[in-house]
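**Q**
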Amino acid sequence: MWREKLELHKSNRIAALYPSCKFLVVVLYSVCSLLLGSIGVGEGQYSLYLIPWFLVVPALCVASGIGPRFWKAIQKVIFIAALILVVQALLIPSEKIVWQLGFLKVYESGLRSGINLSFSVMNIAGIFVWMFQTTENREIARALENSGMNYKVTYVFISTLQMIDVLGKNSRTIMNAQRARGVETEGNLIVCAKAFFPSLVPLILGAITNTEERVLTLESKGFDVQCEKTHLFNLERSGHEKVVDVIAIAVTVAVVVWRVVLWIL
Amino acid sequence: MDTVIEFKNVTYSYPLTDVPAIKDMSFAIERGKFYGVIGENGAGKTTLCALIRGFAPSFYQGTLQGQVLVEGKPTTDFGPGELSLKIGYVFQNPFNQISGVKDTLFEEVAFGLENFGVPVDEIERRVTEVMKLTDIWQLAEKNPFELSGGQQQRVALASIIVLKPDILVIDEPTSQLDPEGTEKVFKIIEMLKAEKKTIILVEHKVDLIAEYADEVMVLRNGKLIRFGDKQEVLSDMSLLDEGVQLPQMAILGNKLRQAGVPLDTIPVTEAQADEVIGRAMQKGRA
Amino acid sequence: MQPEKKKYSIKTDFSMLAILIIPIAVAVNFVGGQLASILKLPMYLDTIGTIFSAMLCGPWVGAVAGALTNIVTGIANPVNFAFIPVNIIVGLVVGFLARANMFSTWWKWIISMILMALASIISAAPIAVLVFGGVTGSGTSIITAAAMAAGANIWAAVIGTEGVFTVLDRIISFVISMLVIKVIPPRTLVKFGCGEMYIKKPVAAAAQEEPADTTESK
Chain A
-6 MWREKLELHK SNRIAALYPS CKFLVVVLYS VCSLLLGSIG VGEGQYSLYL
44 IPWFLVVPAL CVASGIGPRF WKAIQKVIFI AALILVVQAL LIPSEKIVWQ
94 LGFLKVYESG LRSGINLSFS VMNIAGIFVW MFQTTENREI ARALENSGMN
144 YKVTYVFIST LQMIDVLGKN SRTIMNAQRA RGVETEGNLI VCAKAFFPSL
194 VPLILGAITN TEERVLTLES KGFDVQCEKT HLFNLERSGH EKVVDVIAIA
244 VTVAVVVWRV VLWIL
Chain B
20 MDTVIEFKNV TYSYPLTDVP AIKDMSFAIE RGKFYGVIGE NGAGKTTLCA
70 LIRGFAPSFY QGTLQGQVLV EGKPTTDFGP GELSLKIGYV FQNPFNQISG
120 VKDTLFEEVA FGLENFGVPV DEIERRVTEV MKLTDIWQLA EKNPFELSGG
170 QQQRVALASI IVLKPDILVI DEPTSQLDPE GTEKVFKIIE MLKAEKKTII
220 LVEHKVDLIA EYADEVMVLR NGKLIRFGDK QEVLSDMSLL DEGVQLPQMA
270 ILGNKLRQAG VPLDTIPVTE AQADEVIGRA MQKGRA
Chain C
409 MQPEKKKYSI KTDFSMLAIL IIPIAVAVNF VGGQLASILK LPMYLDTIGT
459 IFSAMLCGPW VGAVAGALTN IVTGIANPVN FAFIPVNIIV GLVVGFLARA
509 NMFSTWWKWI ISMILMALAS IISAAPIAVL VFGGVTGSGT SIITAAAMAA
559 GANIWAAVIG TEGVFTVLDR IISFVISMLV IKVIPPRTLV KFGCGEMYIK
609 KPVAAAAQEE PADTTESK
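Residue numbers (our numbering), protein chains in the order written: chain A, -6 to 258; chain B, 20 to 305; chain C, 409 to 626.
(1) If we ignore side chains and look at the alpha-carbon of each, how far apart do residue 234 (chain A) and residue 31 (chain A) end up?
(2) With the cut-off set at 8 Å, would you say residue 46 (chain A) and residue 139 (chain A) are in Cβ contact?
(3) Using a Cβ-Cβ cut-off of 6 Å (strictly less than) and excluding sequence neighbours within five positions of residue 469 (chain C), which residues of its own chain qualify?
(4) Roughly how many whole angstroms lie between the Cα atoms of residue 132 (chain A) and residue 522 (chain C)?
(5) Among residues of its own chain, excluding the 5 on either side of residue 410 (chain C), which ones have a beta-carbon nearer than 8 Å to its beta-carbon?
(6) Going by other Cβ atoms of all chains shown within 10 Å of its Cβ, with 16 needed for buried, is residue 20 (chain B) buried or exposed?
(7) Mapping DSSP to helix, strand and coil, what is residue 43 (chain B)?
(8) Could you have a look at residue 144 (chain A) and say whether DSSP puts it in helix, strand or coil?
(9) Taking the alpha carbon of residue 161 (chain B) as the point to measure from, which residue in B:117, B:299, B:54 and B:49 has its own alpha carbon closest?
(10) How would you label residue 207 (chain B), buried or exposed, when you count the other beta carbons within 10 angstroms and need 16 or more for buried?
(11) Tell me whether residue 265 (chain B) sits in a helix, a strand or coil according to DSSP, three-state version.
(12) Using 10 angstroms around the beta-carbon of residue 578 (chain C), count the other beta-carbons present and answer buried if the total reaches 16, otherwise exposed.
(13) Could you give the DSSP three-state label for residue 104 (chain B): helix, strand or coil?
(14) Considering only residues of the same chain and omitting the five flanking positions on each side of residue 128 (chain A), which have a CB-CB separation below 7 Å?
(15) Beta-carbon separation of residue 229 (chain B) and residue 253 (chain B) under 8 Å?
(16) In angstroms, rounded to a whole number, what distance separates the CA positions of residue 217 (chain A) and residue 79 (chain B)?
(17) Taking only beta carbons into account, state which residues of the stretch 578 to 606 of chain C come closer than 8 Å to chain A, listed in chain order.
(18) How would you write the range of the alpha helix (DSSP H) that residue 253 (chain A) sits in, first residue to last?
(19) The beta strand (DSSP E) spanning residue 84 (chain B) covers which residue range?
(20) Please confirm whether residue 492 (chain C) has its beta-carbon closer than 8 Å to some beta-carbon of chain A.
(21) Answer yes or no: do residue 485 (chain C) and residue 118 (chain A) have a C-beta to C-beta separation smaller than 8 Å?
(22) Since residue 108 (chain B) meets chain C, which of its residues come closer than 8 Å, beta carbon to beta carbon?
(23) Considering only residues of the stretch 42 to 130 of chain A, which uninterrupted alpha helix (DSSP H) runs meet the minimum length of 4 residues and lie entirely inside it, listed in chain order?
(24) Between residue 428 (chain C) and chain A, is there a C-beta pair that is closer than 8 Å?
(25) Do residue 112 (chain B) and residue 205 (chain A) count as a contact pair if the criterion is CB distance below 8 Å?
(26) Can you tell me which of the three DSSP states residue 199 (chain A) falls into?
(27) I need the boundaries of the beta strand (DSSP E) containing residue 29 (chain B), first residue and last residue.
(28) Quick check on residue 152 (chain A) - is its C-beta less than 8 Å from some C-beta in chain B?
(29) Output the distance between the C-alpha atoms of residue 540 (chain C) and residue 603 (chain C), rounded to the nearest integer angstrom.
(30) Taking Cβ positions, are residue 102 (chain B) and residue 95 (chain B) nearer each other than 8 Å?
(31) For residue 93 (chain A), which residues from the same chain have a beta carbon less than 8 Å from its beta carbon, with the 5 sequence-adjacent residues on both sides left out?
(32) Looking at the C-beta of residue 476 (chain C), does it have a partner C-beta in chain A at a distance below 8 Å?
(33) Using beta carbons (cut-off 8 Å, strictly below), is residue 23 (chain B) in contact with chain A?
(34) Tell me, to the nearest whole angstrom, how far the beta carbon of residue 86 (chain B) is from that of residue 29 (chain B); I am working on the premise that it is less than 8 Å.
(35) Taking the alpha-carbon of residue 9 (chain A) as reference, which of A:241, A:112 and A:59 has the nearest alpha-carbon?
(36) For residue 221 (chain A), tell me which candidate among B:60, B:132, B:59 and B:270 has the shortest Cα-Cα distance.
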């Protein structure tokens, strides 16, 4: 009965796809993105195809039912991408100037590399965000185990993911708590350094010495035992994997072919 | 006497130290009894636990002389995981006992059973049962990282209990908990005692040892200076000079005796104090 | 007397302890990176964990910790994906230096730090220039961009800015790692593959007098 609770009955068919299928989509999408980025359009050879390609990501996310969560996660990426674009376009001098407003000059080569880079970043980040927002850690764990990966490798991967999850959630709380305690979180470099470094060493030390007990705990729970392990959580294929695989591969092949054709011409 | 654990002239040193942590210790643990282990810090209590469970010398390395036998076999002869099913171990720090790969408590408690290949139906049944008994059932869907220390320690206990070991080694489980957390942990320990498990509990809270233990082991500087019936050991005032804390009732009883109150025995628990003082008062009236 | 040359193998490198250190190393790298960006420091501070895990457990463990860090943080910021090789190289270099006992005396430290910093610049600069045109969106990028705007050649700008800050970053990270390792008690250090090297001499001498029948096993 509890197991049924655990079993994720995802109503959304896209979100319910098996993790390896999603991973294939991620990889192929990134490959296509890189290929499309190498196609220059117009006078300045800008990688404009990346822009409509990027729209696939939010479309996918909305279709997977995670629109709002995706938006939250992608904001930071958009900021970085915008930063890259602006810095590249405005600050990397080259002979050709595309546009000028007062002393602000938009350089062509900068604009070109800026567009390429910033949208590549958004594309790849976006598709990864999609994958991780629609997949729970335990699904990834089961998929890795099913694929025959050594259980120790799976353990390292999942415990790292879990730890980052927890840290990420708590870091804001910690920062706020520190701020409330009057610890300087702004201010000049020396002040911050003084506040930050002394607490870092004991923290790391504590984490390392605690690791010994962790090892023993795992051993006490049979981690090292060589036997067939059972699993409380059952990961099932949603049945649509083949269709999605085919579509993804077909699109990728199309892009490759197109790219090659353009290159030959 | 059904001996389940035996120490024969055991001397053990941690690696790179020249002073042994445990010196020439010999004793026998009987099945089904509750043993309290007391002594000041550094006396070797945790080392003792590590030796019983076989973490020393296999994990901690170091030098072992003499024999540590579990059910007649030296701990070093057991294969990986075998001892885990026989001896459950609970550490002091609740946070270190989380597996780190499960995001709900239910799965966390089930982790050990999954590793041992227990069939899934049975896992579900056992985990549900144990979680209800340890009063964490209502937390089943929470993330183990988001619990208080007391809750995490109950989870640690549950994760071990669910493996159904006959012997339990519990090392200062409540030292990092508040009074409420401590109480809940001891309720669980009480339950384990009722199930006639062999329990070895290291605790500083001597009053609680006095409540639950059958026999008491006193350690000092790596030596076993007293081993015997709880009543005898915990009412022995000479232990105060050895840096050992005695139950409040015993100290009170002793002071009353010294003040002339005719107590026939020095009590070690409240309930016992009630009886003994009651009898003394009867004598006074007679 | 020099101890016998220790035989290393990947299997023993990845003991349970090493495996559990990896998530901690990744977490420390992650927190370091977060802090550096929140405090707007022109440094990354995302190799502290790689360094101490490599010093304790060897090059392969360090490399895995480094790679995993950039993979996991790359999900949120794909720029980090491109720098996976840099973190791996830090892990490998520090790990091999550790095995060669290059952290025992102060002058060896300095040589090791220089080697590490060099390795980092050599691996990071090409990626920064060839993949990103010198600007990666991190704190140093603004400075690099300003240098390029002022007319500097792209390689010079990158090495001059990122290079300098990378060296600074590695020195600080390395110092933190050394401090941490110095404070770890010897009986814990022994359990790590390369841990024995950091144990101070006097205690090691006492260990020579241990009784003959040693029951040592892992």
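Beta carbons are placed, not taken as given, at the ideal position from N, Cα and C, and that holds for glycine.
Keep in mind that this is a model prediction, so the values were computed, not measured.
**A** Walking through what the data contain:
(1) 30 Å
(2) Not a contact, by the Cβ cut-off of 8 Å.
(3) 421, 426 and 461
(4) 44 Å
(5) Note that residue 410 (chain C) has pLDDT 48, beneath the 50 cutoff, so the model's placement of it is unreliable and the number below is only indicative. Result list for residue 410 (chain C): empty, nothing under 8 Å.
(6) Exposed, since its Cβ has fewer than 16 Cβ neighbours within 10 Å.
(7) strand
(8) helix
(9) B:117
(10) The residue is buried, with at least 16 neighbouring Cβ atoms inside 10 Å.
(11) coil
(12) Buried is the call here.
(13) Residue 104 (chain B) falls in the helix class under three-state DSSP.
(14) 12 and 15
(15) yes
(16) 17 Å
(17) 584, 587, 588, 591, 592, 593, 596 and 599
(18) 234 to 257
(19) 82 to 89
(20) Taking Cβ atoms only, chain A never reaches closer than 8 Å to residue 492 (chain C), which makes this a no.
(21) In this structure, residue 118 (chain A) lies closer than 8 Å to residue 485 (chain C) by Cβ.
(22) Those do not exist, as residue 108 (chain B) stays about 16 Å from chain C at its closest Cβ, beyond 8 Å.
(23) 43 to 47, 49 to 56, 60 to 84 and 101 to 127
(24) yes
(25) no
(26) helix
(27) From DSSP, the beta strand (DSSP E) with residue 29 (chain B) extends over 22 to 32.
(28) So, interface residue.
(29) Rounded to the nearest angstrom, the two C-alpha atoms are 39 Å apart.
(30) no
(31) Only 99 meet the Cβ criterion.
(32) yes
(33) no
(34) 7 Å
(35) Comparing alpha-carbon positions, the option among A:241, A:112 and A:59 lying closest to residue 9 (chain A) turns out to be A:59.
(36) B:132
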